[in-house]
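Structure, as structure tokens:
The following block contains the structure:
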């Protein structure tokens, strides 16, 4: 099995067959084991189907983050608080619900609706790629990388959605660096063309 849902379905069918056989054959340890496993497999199957439905609904509409709330923890930050420093171990990302946060190294401000900390998941050493400071008190929804990975592997749609978010940040950073580089080249060209006294 390449995905968990078909595996859970096979497991539930197998549980039912073992329950029937062990009940008829009076093999009570097998009967008890499968009576315990069947509801566990059914619960996990239901949770995964619900998760996939929520992901599909979210990504088919306006990409609202409301469906992610059950997997997140609300965090409040006061102005002046540093969420994390560049190089710190990374274990979660934040969806900004209110307030403003600054990416110190790039001088970029991110407000409500933005995401911070997602690049740490993609960084090979799982470390923070920038320092984030709260410049206007606000709240975020924090989700652990473990939950992100579960969502990513359970549903390719969410995986694509997450890649879009991450690559948008990377392209923005590349665009900023290219603009700064062009400005430096232009400044150097002007200095080089200035006649010496």
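Numbering (the UniProt record's numbering), first residue to last: 1 to 197. Don't be surprised by glycine CBs; every beta carbon is placed ideally from N, CA and C. As the structure is a prediction and not an experimental result, all values here were calculated from the model.
### Task
Mind reading off the beta-carbon distance from residue 8 to residue 44? Whole number of angstroms is fine, and I expect it under 8 Å.
Contact between residue 8 and residue 44 holds, with the beta-carbon distance rounding to 6 Å and staying under 8 Å.
### Task
Identify which residue in 3, 72, 35, 172 has its Cα closest to the Cα of residue 147.
72
#### Entry: Range covered by the beta strand (DSSP E) that runs through residue 104
Run containing residue 104: none; DSSP gives neither H nor E here.
### Query
Grouping DSSP H, G and I as helix and E and B as strand, with all else coil, what is residue 146?
helix
### Task
Rank 142, 161, 178, 168 by C-alpha distance to the C-alpha of residue 76 and give the top, closest one.
142
### Query
Given that a residue counts as buried once 16 or more other Cβ atoms are within 10 Å of its Cβ, and exposed if not, what is residue 140?
It is buried - the Cβ of residue 140 has at least 16 other Cβ atoms within 10 Å.
### Query
Cβ atoms of residue 108 and residue 132: under 7 Å apart, would you say?
Contact flag unset, no.
### Query
By how many angstroms is the C-alpha of residue 186 removed from the C-alpha of residue 164?
Those two C-alpha atoms are separated by around 32 Å.
### Query
What distance in whole Å lies between the Cβ atoms of residue 38 and residue 12, which are believed to be in contact at a cut-off of 8 Å?
6 Å
### Query
Which of the three DSSP states, helix, strand or coil, is assigned to residue 30?
helix
### Message
Can you give me the C-alpha to C-alpha distance between residue 127 and residue 83, rounded to a whole angstrom?
### Response
13 Å
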